[in-house]
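Under full-length UniProt numbering, the residue at position 122 of the sequence shown is numbered 122, and the numbers go up by one with no gaps. Even glycine gets a Cβ: it sits at the ideal position worked out from N, Cα and C. Data block below; observations after.
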Amino acid sequence: DALRTVGVPARLVGTPAWHDVVKDGNHNWVEVWLGPGAGKANAGDDYWSFIEGAPAGGGEKLDNPCDKWFCNPSHFNHSGTKVFSTKFDRSGSTQYYPMAWELANHDVLGEDRSSLYEAACNVC
1 DALRTVGVPA RLVGTPAWHD VVKDGNHNWV EVWLGPGAGK ANAGDDYWSF
51 IEGAPAGGGE KLDNPCDKWF CNPSHFNHSG TKVFSTKFDR SGSTQYYPMA
101 WELANHDVLG EDRSSLYEAA CNVC
């Protein structure tokens, strides 16, 4: 919300279960809209870049997906991990954002972002 309050388009993204196994845990992070003028930040992206919600301090950059702890082949590499973003446009969408803390709740619309994260994180 802090990004959006100062006019930076941002949305919640995450996986409800690493490797599609609930006991492996979940994780959420943020995607930030860079827009066409900024160029593409991540492999196969659509001008959204991802950042960790925790304080960085480690030199993380918007254009390097590999400096985020979760972005590595062990979490992806066709392991069954699915990644979803929230979606603001409610028209024509049947996909929902699976919230790990309330999986039965399908009220938040979502978008499957798994292929983007497979492409970006498997090269790390």
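Collapsed DSSP secondary structure at residue i in the structure displayed
i	result
Tyr47	coil
His106	coil
Val123	coil
Tyr117	helix
His27	strand
Asp20	helix
Arg90	coil
Leu62	coil
Leu34	coil
Ala10	strand
CB contact flag (residue i, residue j, <8 Å)
i	j	result
residue 137	Thr81	Residue 137 is absent from the structure shown; the chain starts at 1 and stops at 124.
Phe76	Tyr47	no
Phe84	Val13	yes
Pro16	Leu103	yes
Which listed residue (the options) has its alpha carbon closest to that of residue i
i	options	result
Asp20	Ala119, Pro98 and Thr5	Pro98
Asp24	Ala100, Glu111, Leu34 and Arg113	Ala100
Pro36	Asp112, Ser49 and Asn26	Ser49
Integer Cβ distance of residue i from residue j, believed to fall under 8 Å
i	j	result
Val32	Val6	At roughly 12 Å, the Cβ-Cβ gap does not stay under 8 Å, so Val32 and Val6 are not in contact.
Check: Pairing CB atoms from the segment 57 to 76 with CB atoms from the segment 85 to 95, are three or more of them under 8 Å?
Finding: no
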